[in-house]
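Plus 1 on top of the position in the sequence shown (first one is 1) and you've got the working numbering. Just so it is clear, CB atoms sit at the ideal spot from N, CA and C, and this is done for glycine as well. Just so you know, these numbers come straight off a predicted model, no measurement behind them. Take a look at the structure set out below.
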Amino acid sequence: MAYRAIPYLVTRSAKREARTDPYATERRSLPNRTHGISYASSPCRSARIRTYTPSEAVRPASASAQSALPEAVDLKRVLAAVLVMLLVFILSAFLGIYAARAASSLLGDEAGAFANPFGADNETRAESLSAPQSTWEEGNVPELYQDDPQWADRPYGSSTIGAAGAAPVCLAMVRVAVTGDVQTDPIDVASFSQRSGYADSPDATALLTGGAAELGLAVSAVDASEMALRREIVAGRPVIAVVGAGVFGPSATYVVLSDIDEGGRLVMNDPLSDERTSRRWTFDEVLGQTTALWSYASAG
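So this is what it looks like as structure tokens:
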């Protein structure tokens with residue numbers, strides 16, 4: 002580009018003629034080309050991309066990995082939930098018992114049987130199992146019970162042995178101890194009583210006297226005194242007592258007085274209760290409830 006407004010001076014050297022450029026210093030500092038800078042079309046160095054393996058200690062867990070990790074268990078919440086469930090269970094049990102008792106009191110015995118499908122009688126029956134027949138022997142009165150499942154549901158009179166069979170069960174116990182016949186059980190004695198018409202009597206006096214004689218037993222009435230009762234038992238003659246309502250049940254029933262223990266108390270076999278059978282009784286306790294007594298021996 003020409004410089005138009007600047008005067009141009011030309012000097013001559015002493016040795017040779019030459020033009021002196023006053024802008025030479027400035028021109029050397031300018032680019033090689035007056036119309037711009039020329040750049041290479043491609044970079045001088047090739048681009049290199051370096052990759053680095055990420056460190057597990059530095060790299061954050063991915064979203065999927067974080068979602069797969071289980072959350073921390075809050076022990077306090079777990080314990081609180083368990084306590085709440087236990088409280089609900091206990092409260093429900095108490096409410097159920099209260100509702101059953103309320104229904105039983107409102108509807109009577111039928112509701113009580115519904116609340117307890119097994120029934121109190123079945124609980125007693127499970128506990129009142131008679132002595133096994135293999136243990137029966139002469140000289141010992143076996144413990145036999147009316148509500149034993151072996152014969153409780155067998156008919157007797159207008160009822161069953163379980164409900165009204167105290168007399169034939171007592172007579173079966175006495176007969177085993179006196180005669181040693183271990184084959185005749187309460188079912189056999191009850192069947193005999195039915196066939197002979199004794200089961201239809203208003204009480205069991207006829208069975209325990211005349212019926213016992215037919216079964217091979219010698220029967221003797223006993224005075225209701227301690228001396229008379231003690232004499233019969235010491236002689237090895239078991240006694241059947243008729244006891245009134247009260248201590249031994251809500252109505253008159255029959256028990257066997259089989260022995261006297263070392264403390265001078267009576268050993269009793271109560272066909273209605275294994276609890277009363279297991280305890281020992283004073284003479285006054287028994288005689289205070291007794292209305293009649295018979296002792297038994299072998300007629301042969």
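Requested in this report: Please classify residue 168: does DSSP put it in a helix, a strand, or coil?
Outcome: Indexing the sequence shown from 1 puts residue 168 at position 167. The DSSP-derived three-state label of residue 168 is helix.
Report task. Following the continuous alpha helix (DSSP H) through residue 223, name the residue where it begins and the one where it ends. Result -> Within the sequence shown, the letter at position 222 stands for residue 223. The continuous stretches of alpha helix (DSSP H) do not include residue 223, and DSSP gives it neither H nor E.
**Report entry** Beta-carbon proximity list for residue 220, same chain, < 8 Å, skipping 5 on both sides
**Finding:** For this step, residue 220 is matched to residue 219 along the sequence shown. Only 209, 210, 213, 214, 295, 296, 297 meet the Cβ criterion.
Query raised in the report: How many Å lie between residue 175 and residue 285 at the Cα?
Result: Counted from its first residue, the sequence shown places residue 175 at position 174. Counted from its first residue, the sequence shown places residue 285 at position 284. So the two alpha carbons sit approximately 23 Å from each other.
Query - Cβ-Cβ distance between residue 180 and residue 140 below 8 Å - result: The sequence position of residue 180 within the sequence shown is 179, counting from 1. The sequence position of residue 140 within the sequence shown is 139, counting from 1. No, they are not a contact pair.
**Report entry** Cβ shell of residue 299 (< 8 Å), same chain only, five flanking positions each side left out
**Finding:** Walking along the sequence shown from the start, residue 299 turns up at place 298. Cβ neighbours of residue 299 beyond the five flanking positions: 179, 180, 217, 218, 219.
Query raised in the report: alpha helix (DSSP H) containing residue 288: first to last residue?
Result: Mapped onto the sequence shown, residue 288 falls at position 287. For residue 288, the enclosing alpha helix (DSSP H) starts and ends at 284–288.
Query raised in the report: What is the rounded straight-line gap between the Cα of residue 128 and the Cα of residue 168?
Result: The sequence position of residue 128 within the sequence shown is 127, counting from 1. The sequence position of residue 168 within the sequence shown is 167, counting from 1. Per-residue confidence for residue 128 stands at a pLDDT of 48, beneath the threshold of 50, marking its modelled position as unreliable; the derived number appears in the next sentence. Going by the C-alpha atoms only, they are around 21 Å apart.
Report task. From the DSSP output, read off the bridge partner residues of residue 161. Result -> Position 160 of the sequence shown, counting from 1, holds the residue named residue 161. As computed with DSSP, residue 161 is found in a beta bridge with 156.
Query raised in the report: Measuring CB to CB, does residue 134 end up less than 8 Å from residue 190?
Result: Counting from one through the sequence shown, the residue named residue 134 turns up at place 133. Counting from one through the sequence shown, the residue named residue 190 turns up at place 189. Residue 190 is positioned such that its CB atom lies no closer than 8 Å to that of residue 134.
Report task. With residue 240 as the anchor, note down where its beta strand (DSSP E) starts and where it stops. Result -> The residue you call residue 240 lines up with position 239 of the sequence shown. Counted as a single uninterrupted DSSP element, the beta strand (DSSP E) harbouring residue 240 occupies residues 240–244.
Query raised in the report: Do residue 254 and residue 273 have their CB atoms nearer than 8 Å?
Result: The sequence position of residue 254 within the sequence shown is 253, counting from 1. The sequence position of residue 273 within the sequence shown is 272, counting from 1. Closer than 8 Å, so yes.
Query raised in the report: Between residue 148 and residue 192, what straight-line distance do the alpha-carbon atoms span, to the nearest angstrom?
Result: Taking the first residue of the sequence shown as 1, we reach residue 148 at position 147. Taking the first residue of the sequence shown as 1, we reach residue 192 at position 191. Each residue's Cα considered, the two are about 17 Å apart.
**Report entry** Simplified DSSP assignment, three categories, for residue 69
**Finding:** Position 68 of the sequence shown, counted from the start, is the residue given in the question as residue 69. Any reading at residue 69 needs caution, since the residue's pLDDT is 48, under 50, leaving its predicted position unreliable; the model's value is listed next. Helix, per DSSP.
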